[in-house]
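Numbers 3 to 221, taken from my numbering, label the letters of the sequence shown in order. In this text, a Cβ means the ideal position worked out from N, Cα and C, and glycines have one as well. Here the structure is laid out as structure tokens; the discussion comes afterwards.
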Amino acid sequence: MDNADHLLMEKLIAEMKATVVAGKHNDIEALVQKSLRQGLSANDLINDALIAAMDVVGGRFAKGDIFVPEMLVSAMTMKKGLEIVKPLLQKSGSPSKGKILLCTVKGDLHDIGKNLVAMMMEGAGFEVIDLGVDATVEKVLQKINEIQPDVLGLSALLTTTMPEMKKVIEELNSQGIRDRIKVMVGGAPLSHEFAQNIGADAFGKDAAEAVAIARSLIA
Ligand code: B1M
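Written out as structure tokens, the structure is:
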């Protein structure tokens, strides 16, 4: 890539980031398609434009500069962008590398990060069963008993919903099935230490790390 290409990529990334921050959901698809046509990689697009934009949005929300409706429109804009990148992350035809049950825990409606993890997992050849958001302990356990996944992936973005993860693990213990399944947790407010404290097998910092961890947990 020469200097002119590099500058063009930076300009496109900045434009996409600004579009998500401003919540211009009608503009994002064309911009993402244009960036991919120009040779921007799906990974750079996701990390440097889409995720980076949500960090800006979160910062503005925390300062009280914007409110939930604005945050929601930005999230919708990011999702539209992700949908276009999704096929590029997905491989098909190869046998499943393992079964992953994913969800966002009870009380928590944040699903962008979880969806990204799901896309990357599918792209890496895992079969992903997504229980969605606001998943109660009962719903998670019922699904585990039904489909017998290799890994349970729990996501939380709110400090107030993190304790739900511990409740799921406690329930796995009390049903005597904890040793049959690996548990990975993730989400911005979590840490390795938290994962260890609640008895999870692993903490995934981001979607790429989540894939690497799933591989090692299943191996
Ligand atoms: Co909310 N929100 N939100 N929000 N929101 C946060 C999380 C917040 C940090 C904003 C802030 O104050 N700066 C704050 C939480 C504070 C706290 O708990 N300490 C917050 C709040 C307070 C709230 C409400 C309470 C606001 C209100 O109503 N007053 C409310 C709660 C609703 C609820 O859940 N019950 C709320 C609502 C919303 C929206 C609905 C408007 C929207 C969500 C839309 C949606 O997801 N469909 C929203 C958004 C968009 C955000 C921010 C701005 C962005 C989150 C995001 O999508 N990030 C967020 C601020 C921030 O995080 N910067 C914020 C991009 C995403 C790709 O990253 O989810 O971290 P992330 O996922 C990463 C990694 O964490 C990891 O991989 C992903 C990819 O790299 N990962 C995993 C995630 N899950 C994983 C699982 C794994 C492994 C890795 O293994 C299983």
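{"Query": "Test item: CB-CB of Asp103 and Ile146 under 8 angstroms", "Result": "Per the sequence presented here, residue 103 reads as Leu, with Asp not at that position. Yes, these two residues count as a Cβ contact at 8 angstroms."}
{"Query": "Those residues which DSSP pairs with Ala204 across a bridge", "Result": "Met186"}
{"Query": "For Ser157, the residue or residues it bridges with in DSSP", "Result": "Thr106 and Gly188"}
{"Query": "Delimiting residues of the beta strand (DSSP E) encompassing Ile131", "Result": "Glu129 to Asp132"}
{"Query": "Check: Leu174 C-beta below 7 angstroms from any heavy atom of the ligand B1M", "Result": "no"}
{"Query": "DSSP beta-bridge partners of Lys101", "Result": "Glu129"}
{"Query": "Counted within 10 angstroms of its Cβ, other Cβ atoms place Glu140 as buried (16 or more) or exposed", "Result": "exposed"}
{"Query": "Burial state of Val185, where buried means 16 or more other Cβ atoms lie within 10 Å", "Result": "buried"}
{"Query": "Start and end residues, alpha helix (DSSP H) containing Ala77", "Result": "Val70 to Leu91"}
{"Query": "Exposure label - Asn117; buried when at least 16 CB within 10 Å", "Result": "buried"}
{"Query": "Extent of the continuous alpha helix (DSSP H) run through Lys65", "Result": "Ala54 to Lys65"}
{"Query": "Asn175 - containing alpha helix (DSSP H), residue span", "Result": "Pro165 to Ser176"}
{"Query": "Beta-carbon spacing of Ala212, Val142 below 8 angstroms", "Result": "no"}
{"Query": "Buried versus exposed, by CB contacts within 10 Å (16 or more), Pro151", "Result": "buried"}
{"Query": "At least three beta-carbon pairs within less than 8 angstroms, the segment 180–194 to the segment 156–165", "Result": "yes"}
{"Query": "C-beta atoms of Met122 and Ala209 nearer than 8 angstroms", "Result": "yes"}
{"Query": "Closer than 7 angstroms: Phe196 CB and nearest the ligand B1M heavy atom", "Result": "no"}
{"Query": "CA-to-CA distance, Lys19 to Gly61, given in whole angstroms", "Result": "14 angstroms"}
{"Query": "With 16 other Cβ atoms within 10 Å as the buried cut-off, status of Gly206", "Result": "buried"}
{"Query": "Of the residues Thr79, Glu148 and Leu90, the one placed nearest Gly41, counting alpha carbons only", "Result": "Leu90"}
{"Query": "Neighbour-count burial assignment, Gly83, 16 or more Cβ in a 10 Å radius", "Result": "buried"}
{"Query": "Straight-line Cα distance separating Ala126 from Gln198", "Result": "26 angstroms"}
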